[in-house]
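Let me begin by presenting the structure, written as C-alpha cells, before commenting on it.
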Amino acid sequence: MPLIHSENEAGKATLSLPDDLDLPVAASLVESLRAAFSEYSDIVVIAATVERASTAAVQALVAATAHADRSGQRFAIAAPSDVLTDMCADLGLSGWLKEWSLK
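Put into C-alpha cells, the structure is as follows:
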C-alpha cells in the first residue's frame, strides 16, 4: 500500500498517512519513505488523520528524520494528530516531533 499521495512540485513529495498507522502499515511506510527519499529532495508527511499509531510506525518516522539529516534532504511532519502527538509523548519523543513538525 503506497502512501505517496501526490507530488506538489518538482522535487517535493507529499505522503498522507492513513488513519490506522498500526504495525502492518509500518512496513509500507518504510517502503514509501525509501521511495520518496530516492526520488525527491523535499518530503512532507501529513499526519492529521492518524487515529492509531504503533511504535514501529513512529520508529520509521524517526529513521526518516535521521536519514534526512544525514543526506541533507528536507523532511517534515505536517499537522500531527493528537493521537500521534500523544504516542510520541509516551515514547519520550515530544521534542523530536516538535523539531520535525512544520512550523
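Under UniProt numbering, the letters of the sequence shown match residues 1 to 103, in that order.
Just so you know, even glycine gets a beta-carbon here, dropped at the ideal spot from N, CA and C.
{"query": "N- and C-terminal bounds of the alpha helix (DSSP H) containing Asp-82", "result": "82-90"}
{"query": "For Ile-46 and Ala-79, believed in contact at Cβ under 8 Å, the rounded distance", "result": "6 Å"}
{"query": "Helix, strand or coil at Asp-22 according to DSSP, with G and I counted as helix", "result": "coil"}
{"query": "Cβ separation of Ile-77 and Leu-93, assumed to be a contact under 8 Å, to the nearest whole Å", "result": "That pair is no contact at about 11 Å."}
{"query": "Where Ala-57 falls: helix, strand or coil (DSSP)", "result": "helix"}
{"query": "Short Cβ contact (8 Å threshold) for Glu-39 with Ala-13", "result": "yes"}
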